[in-house]
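Chemist: Numbering that gives the first Met the number 0 applies: residue 0 is where the sequence shown begins, and numbers increase by one.
No residue lacks a Cβ here, since even glycine has one placed at the ideal position from N, Cα and C.
What you are looking at is a predicted structure, and each value in this text was computed from that prediction instead of being measured.
There's a structure below that I have some questions on.
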Amino acid sequence: MVLTLEPSLIYTAADGGPRMMVAEENILLTDAGAELLTRRAPRELPVLD
């Protein structure tokens, strides 16, 4: 079974308008345990010349 978690956060931006941030996590659940399927962004950003 695959479980999807989508926690979200609604906040007020510097311009006073509402903003929403959503993160999605996909988790594979098996008899052997759980495995995170969501591919994370790399920790370092590429340098563009």
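1. To the nearest angstrom, report how far apart leucine 35 and valine 1 are at their CA atoms.
2. Helix or strand or just coil, what does DSSP make of arginine 38?
3. Nearest-angstrom Cα distance between glycine 16 and tyrosine 10?
4. Could you compute how far the alpha carbon of methionine 19 sits from the alpha carbon of aspartate 48?
5. How is the beta strand (DSSP E) around glutamate 24 delimited, first residue to last?
Modeler: By the coordinates alone:
1. Counted from its first residue, the sequence shown places residue 35 at position 36. Counted from its first residue, the sequence shown places residue 1 at position 2. So the two alpha carbons sit approximately 10 Å from each other.
2. Position 39 of the sequence shown, counted from the start, is the residue given in the question as residue 38. In the three-state DSSP reduction, arginine 38 falls in the coil class, being neither helix nor strand.
3. The count along the sequence shown starts at 1 and reaches residue 16 at position 17. The count along the sequence shown starts at 1 and reaches residue 10 at position 11. Using only the alpha carbons, I get a separation of about 8 Å.
4. Along the sequence shown, one-based indexing puts residue 19 at 20. Along the sequence shown, one-based indexing puts residue 48 at 49. Going by the C-alpha atoms only, they are around 32 Å apart.
5. What you label residue 24 is simply residue 25 of the sequence shown in a count that begins at 1. From DSSP, the beta strand (DSSP E) with glutamate 24 extends over 24-29.
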